[in-house]
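In our numbering, the protein residues as written are 8 to 417. All C-beta atoms, glycine included, are put in the ideal place defined by N, C-alpha and C. All values derive from a computational prediction rather than experimental measurement. Let me begin by presenting the structure, written as structure tokens, before commenting on it.
Spelled out as structure tokens, the structure:
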């Protein structure tokens, strides 16, 4: 039996890139036919988008903007023209954000993540993600069934009943949050229920720190992380190499500087931007609001796609200063106006009961009047005054922060 879900996982990076961008024009044509993308991507010629450099010039669409866009043009903001009845299921997630599910066998592309975790045909999977209105339960359910597993649609909570089901069906795998896995294990210990049948787990939706990983491993459960979202499905997955998370081979994933659509250098922390290749429901350069960084080299698992570190925080760093919202996009605009700037960080503080702003700038060179010029731009863009501090290249931390709110809490 193959240790890979399909040949995409071992395709050469060049061949994979060529295949993805060969499919992209058809998806862009479908997107431009929708009212939402027709306006958002106005003037784009799909045939001209042949590589990442050209692709990076397209505007990003921010997930944070979707609730307002969908409210203005329900239910999907005008970003799909497919009839509602053509989808498999229709969901809503907190925001609210409305999401459709495709009709394929594995519409969220998550089966390869479960397969990488060692789940195989004939396994019984206890799925504790929610099935009510949100897609989480179905994202895992459809993936497990695509592999050939039987699924227990347990959903979250009801610990006593979950233990009864485990005792009856003896599932070999668990899918759900790492927190609920811990709750189940502790409840089984307290009641003397044997759940040693569970040998593998695929966890997502919450932090899985090393301390909890070690605790779960000590209980004889081999747990793997997935990075997925309710709108895109699987974005990246962990393998037995434990060397980061491999990007879903069917997506175009970029890491950009928060507040922009500009790709960062390999290893630099930035915001995750994802494009699917589904003409039925295209999603073009969707900025999901999470931070990560690309890892160097290839995975020891033999998979050839790029790897990321996993979730490293939120990219939406909007701060309210003196009653005014300051956003990463504004910091990016300041950088665009001054070619000498390599990297910026706006530090928000408090002194003498008053909010303060310090714009820290890594620069290539400091021409005469630079600080005054940037100070003026800062005030023009944000409508607030602040100081400018010049730094040498490489002085700012590599953590993806564009706005750092360092005001004391409480």
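query: Can you tell me the Cα-Cα spacing of residue 138 and residue 262, whole angstroms?; result: 31 Å
query: Hey, out of 144, 106, 110 and 157, whose CA is closest to residue 126's CA?; result: 157
query: Taking the Cβ atom as the reference point for each residue, do residue 368 and residue 395 lie within a distance shorter than 9 Å?; result: yes
query: Indicate the three-state DSSP secondary structure (helix, strand or coil) for residue 24 in the structure shown.; result: helix
query: Can you round the beta-carbon distance between residue 185 and residue 210 to whole angstroms, since I take them to be within the 8 Å contact cut?; result: 4 Å
query: In chain order, what are the residue ranges of uninterrupted alpha helix (DSSP H) at least 4 long that sit wholly in the segment 22-109?; result: 42-47, 59-62 and 73-79
query: Looking at C-beta atoms only, is the number of pairs between the segment 274-288 and the segment 34-42 that lie closer than 8 Å three or more?; result: yes
query: Here's the rule: buried if 16 or more other CB atoms are within 10 angstroms of the residue's CB, otherwise exposed. What is residue 8?; result: Any reading at residue 8 must be qualified, since the residue scores a pLDDT of 46, below 50, and its modelled position is unreliable; no value is offered.
query: What number of angstroms, rounded off, separates the C-alpha of residue 189 from the C-alpha of residue 12?; result: 29 Å
query: Report the CB separation of residue 151 from residue 134 in whole angstroms; it is logged as a contact under 8 Å.; result: 7 Å
query: By how many angstroms is the C-alpha of residue 20 removed from the C-alpha of residue 256?; result: 10 Å
query: Can you tell me whether residue 91 is buried or exposed, with buried defined as 16 or more other CB within 10 angstroms of its CB?; result: exposed
query: Give me the residue from 317, 123, 289 and 381 with the minimum Cα distance to residue 340.; result: 381
query: Contact defined as beta carbons within less than 8 Å: I believe residue 292 pairs with residue 254. What is the distance between those atoms, to the nearest angstrom?; result: 15 Å between Cβ atoms; not a contact.
query: Can you say whether residue 78 is buried or exposed, counting buried as having 16 or more other CB atoms within 10 angstroms of its CB?; result: exposed
query: Could you tell me the distance, in whole angstroms, from the CA atom of residue 322 to the CA atom of residue 279?; result: 9 Å
query: Which two residues bound the contiguous alpha helix (DSSP H) that contains residue 166?; result: 166-176
query: Does DSSP put residue 19 in a helix, a strand or coil?; result: coil
query: Measuring straight from C-alpha to C-alpha, what distance separates residue 415 and residue 325?; result: 16 Å
query: DSSP has residue 332 in a bridge; who is on the other side?; result: 327
query: Go to residue 232, then tell me how far its beta strand (DSSP E) extends in each direction, as first and last residue.; result: 229-236
query: Can you tell which of 159, 30, 345 and 377 has the C-alpha that lies nearest to the C-alpha of residue 54?; result: 30
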